[in-house]
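>
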Amino acid sequence: MTWNIDPILFQFGGISLHWYGLLFACGIWGGAALLKHMLKESGQNVGLVDDLFFPVFIGIIVGARLLHCLAYEPDFYLAHPMEILYIWKGGLASHGGGLGAILGVLWVAKRKNLNLMYLLDYLALPTLVFAVCVRLANLMNSEIYGKVTDGPWGVIFARVDMLPRHPAQLYEALGYLLLAVLLWQVRRALLALEGRLFGAFLIGVFVIRMLVEWVKPEQASYIPSLPLTVGQLLSVPFILVGIWLWLRARTGKRS
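Using the numbering used here, you'd call the opening residue of the sequence shown number 236 and step up by one each time.
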């Protein structure tokens, strides 16, 4: 299969709509809609969606940009720090987006005097909706592609080269979608135990990320000394935290 989709959906005069921007917005909208549904289902305050929107959105963008610059291209951005602000040139790291989102949630929790883990548990499934959309957006941009393969599933990203490659974006998107379906089926049982749903989310997402990293070329501008990619190294702490949250989840009802 040859993939040669124009990243720009349409242009009108000097205005253009990119597939990435559209899918990014769809991920936010879809996640917010799912969060409202889950809060209504549990008899919780749906106004939390509005409270969380801007802090989480800003956290995602700032965190994703900073971690990309410092973890994947540190030599360039430390030499040209003003370039960090040029976000329109591209370069966002999902690990940093996750950390930024957590900081945004923490800010809301402190401001509203809410339990941080309560918020993170409810945000786990909506975040998976967003993650699926972002990886589909990467596909439309012909980025985050995999290594060359001779398998029949190889995709030629014509905007990159004419070599068949693993469609790593689709692998991740499908993995996140399957994880979302699984967690959705058991959400009520997991939500009853504080931290259990968010812990399962962290384990699932970052195990998927580590596995898909094996078929991706190294994205960092330097080669790490360990036999792991930078993406895998960044995933390990999230998995460990997820395991810790799963094990410490209370056996009684959520407080």
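We treat Cβ as the ideally placed atom computed from N, Cα and C, and that holds for glycine.
Could you give the distance in angstroms between the alpha-carbon of Leu414 and the alpha-carbon of Gly439?
Cα to Cα, the separation comes out at about 7 Å.
> List the residues that DSSP assigns as beta-bridge partners of Arg400.
For Arg400, which the question treats as bridged, DSSP gives the partners Val383 and Val390.
> Round the Cβ separation of Ala359 and Phe288 to the nearest angstrom and send it over; I've been treating them as touching at under 8 Å.
Wrong, their Cβ atoms sit about 17 Å apart, outside the cutoff.
> Please name the residue in Thr362, Asp396, Phe259 and Met445 whose C-alpha comes closest to that of Ile474.
That would be Met445, whose Cα lies nearest to the Cα of Ile474.
> Spatial neighbours of Gly266 within its chain, please: C-beta separation below 7 Å, excluding the five flanking residues on both sides.
Contacts found: Pro361, Thr362, Val364 and Phe365.
> Residue ranges of each beta strand (DSSP E) run of no fewer than 3 residues wholly in the region 443-477, ordered along the chain?
Those beta strand (DSSP E) runs which fall completely within the region 443-477 and span 3+ residues do not exist here.
> Tell me Trp238's beta-bridge partners as DSSP assigns them.
According to DSSP, which records beta bridges pairwise, Trp238 is partnered with Phe392.
> Identify the continuous alpha helix (DSSP H) that holds His330 and give its terminal residues.
Where His330 is concerned, the enclosing alpha helix (DSSP H) stretches over Ser329 to Lys347.
> Which first and last residues belong to the alpha helix (DSSP H) in which Tyr296 is found?
In the sequence as displayed, the identity of residue 296 is Ile instead of Tyr. Segment Leu283 to Leu302, the alpha helix (DSSP H) holding Ile296.
> So, do the region 303-318 and the region 276-288 have three or more beta carbon pairs nearer to each other than 8 Å?
At 8 Å Cβ cutoff, the stretches do not touch.
> Can you check DSSP and say which residues form a bridge with Leu252?
Per DSSP, Phe245.
> According to the neighbour-count rule (16 or more other Cβ atoms, all chains shown, within 10 Å of its Cβ), is Ala268 buried or exposed?
With fewer than 16 other Cβ atoms within 10 Å, it is exposed.
> What do you reckon, are the CB atoms on Ala306 and Ala455 nearer than 8 Å?
In this structure, Ala455 lies closer than 8 Å to Ala306 by Cβ.
> Just reading off the alpha helix (DSSP H) that Met352 is part of, what are its end residues?
Its alpha helix (DSSP H) spans residues Leu351 to Met375.
> Using a Cβ distance threshold of 8 Å, determine whether the region 291-307 contacts the region 398-411, with at least three qualifying pairs required.
Contact fails: fewer than three Cβ-Cβ distances are below 8 Å.
> Rounded to the nearest angstrom, how far is the Cβ of Gly326 from that of Arg300, given a contact under 8 Å?
Indeed they touch by this definition, with Cβ atoms about 7 Å apart.
> Buried or exposed for His272, going by 16 or more other Cβ atoms inside 10 Å?
It is exposed - the Cβ of His272 has fewer than 16 other Cβ atoms within 10 Å.
> Am I right that Leu426 and Asp356 are in contact with their C-beta atoms under 8 Å? What's the rounded C-beta distance?
That pair is a contact at about 6 Å.
> In this structure, how does DSSP classify Tyr321 when only helix, strand and coil are distinguished?
DSSP places Tyr321 in coil when its eight states are reduced to three.
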